[in-house]
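Undergrad: Pasting a structure here, questions to come.
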Amino acid sequence: MAKTTSPSFVLSLELAENPLMLCLASDELEICRVMYNTVLGTYLKREAQMKREKHYKKLIRHYKGVSKKLKSDKENKFLQDEKKKIQLELKKRRENVQLTEYASHEWVKPIRSHFGNKVNSAVAQKIASRAWSAFQKKVFGQSKKVRFIRKGEMDSFEGKTNTTGWRYVDRHIVYKELSTPLLIKEKDTYVSEVVQNIEKKMSFSYKVHTNGETKTLTDLYRVKYVRIVKKEIRGRIRYFANLVIAGYPPSKKRKLGKGKVGLDIGTSTLAVVSLTKVALVNLAEQVKQISNEILRIQRKMDRSKRATNPNHYHSDGTIKKGHQPWIFSNRYQKLRSQLKEMHRKQAAIRKLSHRSLANHLLMLGNTFYTETMNYKALQKRKKETEVSERTGQYKRKKRFGKTLGHRAPAMFLSILEKKVKQYGGTFIKINTQTFKASQYCHIRNDYMKKPLSERWHIIDNTTKIQRDLYSAFLLMNSNSEGTKANQKRCHETFPLFKNLHDQEIQQILKQKKGILNSGIIIH
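Next comes the structure, spelled out in structure tokens:
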């Protein structure tokens, strides 16, 4: 029977300066880095050994053949059973060469012993599991390769319980005979409430769904384990303790609105439609200025690197192939430090912007509808090489990688979903392929595919609707199964939507707010 896990959240607090303890944390991070790289290297060696086996090669050929046939005949029961048999056989082959998570827990023991058992055994096992998580993605095709951690780049380690190793005791982090207090601001009511819940051993209840039954269990607010995190902020190394606490975080007194809300999210914009408000906004608007600053720093770094390493480049400016030692000037190293700080600021501002927008949307309704989106596919470059008919030059293969990195739409959806469910609302993800919000017209009751460049939905000679807002409107009026828009409900709510839509467009034009990829021309 699977072990039930209680809900948990993370409280991050900075460690007060204790030179000896922070020095121990630094040393332990470096030992953990060596452990991680060694275990990861062992996995790669054993994988190479497995791939050389004739039986494994035969299984892979068979698996690819069955998978190819299943694409054209998905309901074939024989092929489905055959695929499962091959998967079980491949699992056995992996177990034979010890490509499992628990095998790494044995491999890490001699490495820990080599360093005099300075690292707690639970921490060593967590590092081994971390290496397995990275390698597992490669084995199951979620990534093409694994990345080893360079010296000084290991930034965290954690235990399994709060009883051994690095642990939390009475607002202090304790390790062996040493301890250092956590920096808690007196006016921080959120932190004070969490700490008091732990000290008073307050209880909370949560629901668990098992075998079709829902049970209500109780547990105490407690620190499950401690994660030590190293961060570089404004050029200074600081250490934080992430307390993983059982329970739910203290929530602010927010209330969800009533009604349905449709969300059409793009790579950089969000269209919102409810019965009380229609909005079209840019995601994480504040990151644009920092993105421009990052670009300027990167250009300075490139010029500096080219000046100090002229022999590493061809006459056309491309880098020569092969391993060569690079020389980095003091100016380059300062710029690299600035770049790291700008990326940290950008990430913090982006998350703050997403949370602020999510809090604002909670007031609009209690049932949110959005389409599923494969952002990984949008990041990939095009495979086909195309030539522009207008210029005769090759078209760029780039897609939306940089935009997704700056705006992080997937992060926004996860933040909003978590908040909606936390306050008792419903968050429904609708299949894009079956719903086809960008193609449907509720007036004609028909689907018509439009190119991506066409940003307005034309209903008749006098009525045109911004495409993203219309998609959000259709999502708001989804049927109970979430397969298509309810035409009757669309007709009932369209006059109100049209009025709110026109007001929002006029407001954007009046404020001269540039909405990316919206088709709204600001004069």
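Each residue of the sequence shown is one higher than the one before, starting from 30 at the first, in my numbering.
Where a beta carbon is used, it is the ideal one built from N, C-alpha and C, also for glycine.
Computed from a predicted model, the values in this text were never measured in an experiment.
Would you call the region 285 to 301 and the region 383 to 393 touching, i.e. three or more CB-CB distances under 8 Å?
TA: With the cut-off at 8 Å, the region 285 to 301 and the region 383 to 393 touch.
Undergrad: Span of the beta strand (DSSP E) holding Phe233?
TA: Locating residue 233 in the sequence shown gives position 204, counting from the first residue. Segment Ser232 to Thr239, the beta strand (DSSP E) holding Phe233.
Undergrad: If you draw a straight line from the alpha carbon of Phe169 to that of His520, how long is it in whole angstroms?
TA: The residue given as residue 169 occupies position 140 in the sequence shown. The residue given as residue 520 occupies position 491 in the sequence shown. The alpha-carbon atoms of Phe169 and His520 are separated by roughly 47 Å.
Undergrad: Given that a residue counts as buried once 16 or more other Cβ atoms are within 10 Å of its Cβ, and exposed if not, what is Trp161?
TA: For the purposes of this step, residue 161 is taken as the residue at position 132 of the sequence shown. Answer is buried; the Cβ neighbour count reaches 16.
Undergrad: Is it buried or exposed, Arg179, if we count other Cβ atoms within 10 angstroms and call 16 or more buried?
TA: Taking the sequence shown and counting its residues from 1, the one referred to as residue 179 is at position 150. Label assigned to Arg179: exposed.
Undergrad: Out of curiosity, what's the CA-to-CA distance linking Ala163 and Asn490?
TA: Within the sequence shown, the letter at position 134 stands for residue 163. Within the sequence shown, the letter at position 461 stands for residue 490. Cα-Cα distance, rounded: 56 Å.
Undergrad: Which of the three DSSP states is assigned to Glu111 in this structure?
TA: One-based indexing of the sequence shown puts residue 111 at position 82. Residue state, collapsed to three classes: helix.
Undergrad: Cutting at 8 Å between CB atoms, please list the residues of its own chain near Lys112, excluding the five before and the five after it.
TA: Stepping through the sequence shown from its first residue, residue 112 is reached at position 83. Closer than 8 Å at Cβ, skipping near neighbours: Tyr92, Val95, Ser96 and Leu99.
Undergrad: In chain order, what residues of the same chain have a beta carbon less than 8 Å from the beta carbon of Met30, not counting five sequence neighbours either side?
TA: For this step, residue 30 is matched to residue 1 along the sequence shown. Caution is warranted here: a pLDDT of 42 is assigned to Met30, below 50, making its placement in the model unreliable, and the coordinate value is therefore given only provisionally. No residues qualify anywhere along the chain.
Undergrad: Take the Cβ of Val39 as the centre, count every other Cβ of all protein chains shown within 10 Å, and call the residue buried at 16 or more, exposed below.
TA: Numbered from 1 along the sequence shown, position 10 holds the residue referred to as residue 39. Answer is exposed; the Cβ neighbour count stays below 16.
Undergrad: Under 8 Å, do Met2 and Leu128 count as touching if we go by C-beta distance?
TA: Look at the range of the chain in this structure, 30 to 552, and you will see that residue 2 is not part of it.
Undergrad: Grouping DSSP H, G and I as helix and E and B as strand, with all else coil, what is Ile153?
TA: Locating residue 153 in the sequence shown gives position 124, where the first residue counts as 1. Sequence check: residue 153 is Ala here, not Ile. Residue state, collapsed to three classes: helix.
Undergrad: Where does Lys289 land, buried or exposed, given buried means 16+ other C-beta within 10 angstroms?
TA: If you number the sequence shown from 1, residue 289 lands on position 260. When all chains shown are included, Lys289 counts as buried.
Undergrad: Might you give, ordered along the chain, the residues of its own chain that have their beta carbon closer than 6 Å to the beta carbon of Arg90, omitting 5 neighbours on each side?
TA: Residue 90 sits at position 61 when you count from the first residue of the sequence shown. Closer than 6 Å at the Cβ level, and outside the excluded window around Arg90, lies no residue.
Undergrad: Just reading off the beta strand (DSSP E) that Ser142 is part of, what are its end residues?
TA: Here residue 142 corresponds to residue number 113 of the sequence shown, with the count starting at 1. Not the beta strand (DSSP E): Ser142 falls in the alpha helix (DSSP H), residues Glu130 to His143.
Undergrad: With DSSP run on the structure shown, which of helix, strand or coil describes Asn271?
TA: On the sequence shown, residue 271 is found 242 positions in, with the first residue counted as 1. Looking at Asn271 - three-state DSSP - the assignment turns out to be strand.
Undergrad: Can you tell me whether Val152 is buried or exposed, with buried defined as 16 or more other CB within 10 angstroms of its CB?
TA: Taking the sequence shown and counting its residues from 1, one reaches residue 152 at position 123. Val152 should be labelled buried.
Undergrad: Roughly how many whole angstroms lie between the Cα atoms of Thr296 and Arg379?
TA: What you label residue 296 is simply residue 267 of the sequence shown in a count that begins at 1. What you label residue 379 is simply residue 350 of the sequence shown in a count that begins at 1. One C-alpha to the other measures close to 14 Å.
Undergrad: Going by Cα to Cα distance, which pick from Thr243, Thr455, His471 and Glu104 is closest to Leu503?
TA: One-based indexing of the sequence shown puts residue 503 at position 474. Residue His471 is the option with its Cα nearest to Leu503.
Undergrad: If you scan the region 350 to 419 from start to end, which runs of the beta strand (DSSP E) of 3 or more residues do you find wholly inside it?
TA: List check, beta strand (DSSP E) in window: 396 to 400.
Undergrad: Which residues share a DSSP beta bridge with Trp485?
TA: On the sequence shown, residue 485 is found 456 positions in, with the first residue counted as 1. Bridge partners of Trp485: Gln495.
Undergrad: Taking the alpha-carbon of His530 as reference, which of His372, Leu368, Leu69 and Ser500 has the nearest alpha-carbon?
TA: On the sequence shown, residue 530 is found 501 positions in, with the first residue counted as 1. Considering only alpha carbons, the answer is Ser500.
Undergrad: Tell me the rounded alpha-carbon separation between Leu69 and Lys120.
TA: Within the sequence shown, the letter at position 40 stands for residue 69. Within the sequence shown, the letter at position 91 stands for residue 120. For Leu69 and Lys120, the distance between alpha carbons rounds to 19 Å.
Undergrad: Looking only at C-alpha atoms, which of Leu207, Tyr197 and Leu246 sits nearest to Phe227?
TA: Taking the first residue of the sequence shown as position 1, residue 227 is located at position 198. First, the residue type needs correcting, since residue 227 is Ile and not Phe in the sequence shown. Nearest C-alpha to Ile227: Tyr197.
Undergrad: Expressed to the nearest angstrom, what Euclidean distance is found between the alpha-carbon atoms of Arg265 and Ala45?
TA: Here the question's residue 265 lines up with position 236 in the sequence shown. Here the question's residue 45 lines up with position 16 in the sequence shown. Taking the straight line joining both Cα atoms gives about 14 Å.
Undergrad: Please name the residue in Lys244, Ile262, Ile274 and Thr512 whose C-alpha comes closest to that of Val255.
TA: Your numbering for residue 255 matches position 226 in the sequence shown. Nearest of Lys244, Ile262, Ile274 and Thr512 to Val255, Cα basis: Ile274.
Undergrad: Measuring straight from C-alpha to C-alpha, what distance separates Trp355 and Lys479?
TA: Here the question's residue 355 lines up with position 326 in the sequence shown. Here the question's residue 479 lines up with position 450 in the sequence shown. Going by the C-alpha atoms only, they are around 50 Å apart.
Undergrad: Go ahead and label Pro210 buried or exposed: buried means 16 or more other beta carbons lie within 10 angstroms of its beta carbon, across all protein chains shown.
TA: Mapped onto the sequence shown, residue 210 falls at position 181. By the 10 Å Cβ count, Pro210 comes out exposed.
Undergrad: Closest to Phe269 by C-alpha separation, out of Gln362, Ser234, Lys542 and Ser185, would be which residue?
TA: Against the sequence shown, residue 269 aligns to sequence position 240. Nearest C-alpha to Phe269: Ser185.
Undergrad: Using the rule of at least 16 other Cβ atoms within 10 Å of the residue's Cβ for burial, across every protein chain shown, is Arg419 buried or exposed?
TA: Taking the sequence shown and counting its residues from 1, the one referred to as residue 419 is at position 390. Exposed, since its Cβ has fewer than 16 Cβ neighbours within 10 Å.
Undergrad: Return the CA-CA distance between Ile549 and Trp136, expressed in angstroms with no decimal places.
TA: Translated into positions along the sequence shown, residue 549 becomes position 520. Translated into positions along the sequence shown, residue 136 becomes position 107. If I take the Cα positions, the gap works out to 60 Å.
Undergrad: To the nearest whole angstrom, what separates the beta carbons of Leu442 and Ile294, a pair I think is in contact under 8 Å?
TA: Counting from 1 along the sequence shown, the entry for residue 442 is found at position 413. Counting from 1 along the sequence shown, the entry for residue 294 is found at position 265. At roughly 6 Å, the Cβ-Cβ gap stays under 8 Å, so Leu442 and Ile294 are in contact.
Undergrad: Around the Cβ of Glu400, are there at least 16 other Cβ atoms within 10 angstroms (buried) or fewer (exposed)?
TA: Numbered from its first residue, the sequence shown carries residue 400 at position 371. Counting Cβ neighbours within 10 Å, Glu400 comes out buried, since at least 16 surround it.
Undergrad: Quick one: what's got a C-beta closer than 7 Å to Val148's C-beta in the same chain, skipping five residues either side?
TA: Position 119 of the sequence shown, counted from the start, is the residue given in the question as residue 148. Counting only Cβ-Cβ distances below 7 Å, and skipping sequence neighbours, we find Glu57, Ile60, Cys61 and Arg141.
Undergrad: Report all residues from its chain with a CB closer than 7 Å to the CB of Ser41; omit the five preceding and five following residues, and keep chain order.
TA: Here residue 41 corresponds to residue number 12 of the sequence shown, with the count starting at 1. Excluding sequence neighbours, Ser41 sits near Phe269 and Asn271.
Undergrad: Give the C-beta separation of Leu364 and Ile326 to the nearest angstrom, bearing in mind that I take them to be a contact with Cβ-Cβ under 8 Å.
TA: Along the sequence shown, one-based indexing puts residue 364 at 335. Along the sequence shown, one-based indexing puts residue 326 at 297. Confirmed, Cβ separation roughly 6 Å.
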